[in-house]
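Per this note's numbering, the very first residue in the sequence shown carries number 16; after that it's consecutive.
From the three backbone atoms N, C-alpha and C, an ideal C-beta is built for every residue, glycine too.
To keep things clear, I will list the structure first and then write my remarks on it.
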Amino acid sequence: MNIKVGTGFDAHAFGPGNAVVLGGISIAHDHGVIAHSDGDVLLHALCDALLGAASLGDIGQHFPDTDPQWRGADSSRFVTAVVGMLAARGLVVGNADMTLLAQAPRIGAHREAICTHVAALLGVERDCVNLKATTTEYLGFIGRSEGLGALATVLLVPA
Ligand code: MG
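The following block contains the structure:
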């Protein structure tokens, strides 16, 4: 079976605001994120993992942050567009595993909503999507709560 694996990473700095969007879900927080789009690190890392697995470059090539049409964009649109690119190449998602790197916000209460939303975007069953979260034990820019990051790994399989 011609299976393909991809990885993605993203990070954004915190800035003014009262919520962050993670996995398509808006979560109340004492900061927002500085970004051209909605700054959803989970979905940005996920897009890069999907694109990487399919040898299609990276999110910045397809959705440049200099393009006004992506200003404030719901990053779910990026995932949907990428899933369409994969479908055109006869590929579907097998599973996706994501890790949020943040001191805050804590996402335990939102984990189910995020995984359900991401599964719908990817067109897979809920149990094919996993979300983990870790702090960095107060180390580095994430530990100092200057921003947050995310990792994603996906498997693509023939449709
Ligand atoms: Mg990003």
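Alpha carbon of residue i to alpha carbon of residue j, nearest angstrom
i           : j           : result
residue 108 : residue 170 : 6 Å
residue 165 : residue 115 : 4 Å
residue 23  : residue 38  : 14 Å
residue 62  : residue 87  : 17 Å
residue 172 : residue 94  : 17 Å
residue 147 : residue 174 : 27 Å
residue 18  : residue 65  : 12 Å
residue 149 : residue 156 : 14 Å
residue 102 : residue 160 : 38 Å
Cβ-heavy atom distance, residue i to ligand 1, below 7 Å
i           : result
residue 50  : yes
residue 53  : no
residue 73  : no
residue 172 : no
residue 27  : yes
residue 59  : yes
residue 56  : yes
Endpoints, beta strand (DSSP E) assigned at residue i
i           : result
residue 114 : 106 to 116
residue 27  : 19 to 30
Burial state of residue i, where buried means 16 or more other Cβ atoms lie within 10 Å
i           : result
residue 154 : exposed
residue 67  : buried
residue 70  : exposed
residue 60  : buried
residue 52  : buried
residue 41  : exposed
residue 117 : buried
Delimiting residues of the alpha helix (DSSP H) encompassing residue i
i           : result
residue 131 : 126 to 137
Original post:
Can you give, in chain order, each stretch of the alpha helix (DSSP H) that sits fully within the segment 29 to 81 and has at least 4 residues?
Top reply: Those alpha helix (DSSP H) runs which fall completely within the segment 29 to 81 and span 4+ residues are 56 to 68, 74 to 77.
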